[in-house]
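Structure, as structure tokens:
There are 2 protein chains.
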Amino acid sequence: MADVAREVGVTAKTVSRVLNDDGPVAVETRERVMEAVRKLGYQPNLMARNMRVGARDAAIGLVIPEMGNPFFGTVAGGVESVVRPRGLTLIVGSSSETAELERSLVATFLARRVSGLMIVPSAAGDHRYLRTERAAGLPIVFLDRPAVGMAADHVVSGNREGAREGVAHLVAHGHRRIGFVGDLPAVLYTRRERFQGYRDALAAAGLPFDRALVESGHDQEAASAAVVRLLALPDPPTALFAANNFASMGAVVALARARRRDVALVGFDDLPLAEVLEPPLTVVAQDPAAIGTAAAELVLSRLDGRPSRAAHREQIPTRLIARGSGELPPSR
Amino acid sequence: MADVAREVGVTAKTVSRVLNDDGPVAVETRERVMEAVRKLGYQPNLMARNMRVGARDAAIGLVIPEMGNPFFGTVAGGVESVVRPRGLTLIVGSSSETAELERSLVATFLARRVSGLMIVPSAAGDHRYLRTERAAGLPIVFLDRPAVGMAADHVVSGNREGAREGVAHLVAHGHRRIGFVGDLPAVLYTRRERFQGYRDALAAAGLPFDRALVESGHDQEAASAAVVRLLALPDPPTALFAANNFASMGAVVALARARRRDVALVGFDDLPLAEVLEPPLTVVAQDPAAIGTAAAELVLSRLDGRPSRAAHREQIPTRLIARGSGELPPSR
DNA sequence: TTGACACATGTCATCGTTGACATGCGCCGT
DNA sequence: ACGGCGCATGTCAACGATGACATGTGTCAA
């Protein structure tokens, strides 16, 4: 900036005035400044500016478990579509689903003085350490899963309701033994909720819950293996509910390999080529982009000063898409 | 920081020394400072620090066309896996494949004084405006496609070679009329290269090039429609080469809807459920994570001062994965 | 003619942090 | 006993920008 000022023969302050449309500047001076700016390729230093005006960094920190997973990618896209038009930059990091990485990412973001924090919390974490920041007015919103140990804004899918609807759909088509394939049980919020929805649907239909019909696996291969185990049971399920996209893919693969076209399947979360599978896959679709946009809007509204002590919870509804695999009748 | 200093009864400088392990500090003082830091929940202000030390922001700016596309999501994941261990933060923005957004994103990143710039360039852009920055020593690497109007480092897939291999595979299985379904022709680098590879393979086999067998569409639906047009030709192709993931999905869907299991298909870029499609999809797989990591490592090596005037080009090889759809014999 | 006022620009201090250099004190060797 | 050295800490300025306030000039009404 000093260079530009020297070039034009004015003070840095005047250049600043021109660039910020702040205070009166002679038309001719303005033009000469603009020209010098172009000539020297000057770009104001955002870091310095932010520091001076005491503002937080015009950025939003987003923590997701993995970038490669299209679900979270789409969530991130939703976030970006909302924050960018507001002039905010998106800073992203992936936690690999570990509490340590998540925490270190958050620390980095806080040190950068981001204007808002959006977190897809890792299973094992505890977010009490963020209380101070939240109390200090920093907008913090959790996505896909609520915070642990702290009441905070969060945006989640209608996991329990969606799972209930999906399983009820299978029940409505005559199934009485329905297998559940989900992520590892432990602590994952979405898995818990969807499992509850599964039990809700069974209970509503007066069907018994059979622990033997519940299998787990974290990735696609593990889910496949889980399905193989279920099908090998003495009294195997006639239908399966896959509680997430990897479980769905694993189930689809396992059934295809076993050439079992008679087992009904409903997956949680939609897949790209669902309609051309054999049979076409029935799913309970989430709306990841909507989760992102809703969460981002929540952050913005907090930024615009709607502090509100109370934690706001937003639930994005799911949508059952019947395509064939969920409408198969029981094979026995 | 001043607060911490006051709490302990020392100067800010001493606190700074403790936190940066810089210069000698009495053990006792160090401990008292650390305790005050904990007590007050103090976090050093990175913006101020960076400004003072005149360093660039410890961040890498990444521009991708869309976050929702798993290809670019995986690329971003690859980038992050390399830059994070180096203490660099990843700043991401999506250009929606438009030159304007791309440029405005780059401007934002430059104003933030990022340490490096990684760009998946939009089709219509011209990157001459980045010459100054590059000359000034800012590491700039282009991913998936080279820069336009400027020689710069870039990491791309072996598009032409991969496409040639894929099409040659179809030729080897007896096909003589092979349709090409790609993105809109215009200017997109990857489309051009893959198209060249297609022509290379035809030429190598002594097959004629027939313009009627080339169709385009930007998204999945358009690609589907393109395939429908190809199949409706008086002398239709017996095999198809789909030049990107959307084209592949569109082709798969179109063939499935038309119940045409006799048309051979090779897609460029792998798809999640490729193996369970009917028939299983043969693809020329790219390695998006490798593109990301290679590009990130290039940036880091430039950061470590391997300036080198010359632009470095890195090509990530593709891999043909035969699964069935590409090995179908011609139906006539 | 004078003073009030609008306008164009300048001066200075400051944001939070850290480099460069200064200070004060105790200890050691000669 | 004294110079010199090392340690612990302090002082000051500066990074690049802008807010608060000051200055200087021209215009116009009284």
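As they're listed, the protein sequences go chains A and B. Residues in the first sequence are numbered consecutively from 17, following our numbering. Residues in the second sequence are numbered consecutively from 17, following our numbering. Every residue, glycine too, gets a C-beta built ideally from N, C-alpha and C.
* **Expected contact under 8 Å - CB spacing of A/Val299 and A/Val282 to nearest Å** => 7 Å
* Looking only at C-alpha atoms, which of A/Arg322, A/Pro333 and A/Pro345 sits nearest to A/Asp169? -> A/Arg322
* Asked: Is the Cβ-Cβ distance between A/Glu96 and B/Ser110 less than 7 Å?
  -> yes
* **Any C-beta of chain A under 7 Å from that of B/Ser264** => no
* Express the C-alpha separation of B/Thr124 and B/Glu116 in angstroms, rounding to a whole number. => 12 Å
* **Under the three-state DSSP convention, the category A/Val300 falls into** => strand
* A/Val1, enclosing beta strand (DSSP E) - first and last residue -> Lying before the first or after the last residue shown, residue 1 of chain A is absent from chain A, which here runs from 17 to 348.
* Specify, as a first and last residue, the run of the alpha helix (DSSP H) that A/Glu96 falls within. => Pro86 to Val99
* Where does B/Ala202 sit, in a helix, a strand or coil, going by DSSP? -> coil
* **From B/Val157, B/Glu82, B/Val244 and B/Tyr214, residue whose alpha carbon lies closest to that of B/Glu177** => B/Tyr214
* Asked: What whole-angstrom Cβ distance do B/Met17 and B/Val31 have, given they're in contact under 8 Å?
  -> 6 Å
* What number of angstroms, rounded off, separates the C-alpha of B/Leu289 from the C-alpha of A/Ala272? -> 11 Å
* Are the C-beta of B/Pro86 and some C-beta of chain A separated by less than 7 Å? -> yes
* Exposed or buried, B/Thr148, counting other C-beta atoms within 10 Å across all chains shown (16 or more means buried)? -> exposed
* Asked: In the structure shown, what three-state DSSP assignment does A/Gln59 receive?
  -> coil
* From B/Ala28, B/Ala42, B/Arg128 and B/Val171, residue whose alpha carbon lies closest to that of B/Ala311 -> B/Val171
* To do: Take B/Thr254 as the anchor and find which of B/Arg46, B/Val34, B/Gly342 and B/Gly77 has the nearest alpha-carbon.
  => B/Gly342
* Using a C-beta cutoff of 7 Å, does B/Ser240 count as contacting chain A? -> no
* Enumerate in chain order the residues of its own chain whose CB-to-CB distance from A/Arg318 is below 6 Å, with the five nearest sequence positions on each side excluded. => Pro155
* **chain A within 7 Å of B/Leu316, Cβ atoms only** => no
* Bridge partners - A/Gln331, DSSP secondary structure assignment -> A/Val172
* **Whole-Å CB distance - A/Phe257 paired with A/Val183, under 8 Å assumed** => 5 Å
* Asked: Using a Cβ-Cβ distance under 7 Å, would A/Ser341 count as near chain B?
  -> no
* Return helix, strand or coil for A/Val183, following the three-state DSSP convention. => helix
* Flag this pair as yes or no: are the beta carbons of B/Glu294 and A/Glu294 separated by less than 7 Å? => yes
* To do: Could you tell me if A/Arg193 is buried or exposed, where buried requires 16 or more neighbouring beta carbons within 10 angstroms of its beta carbon?
  => buried
* Integer Cβ distance of B/Asp160 from B/Ile307, believed to fall under 8 Å -> 6 Å
* Asked: Is there a Cβ from chain B that is less than 7 Å from the Cβ of A/Met134?
  -> no
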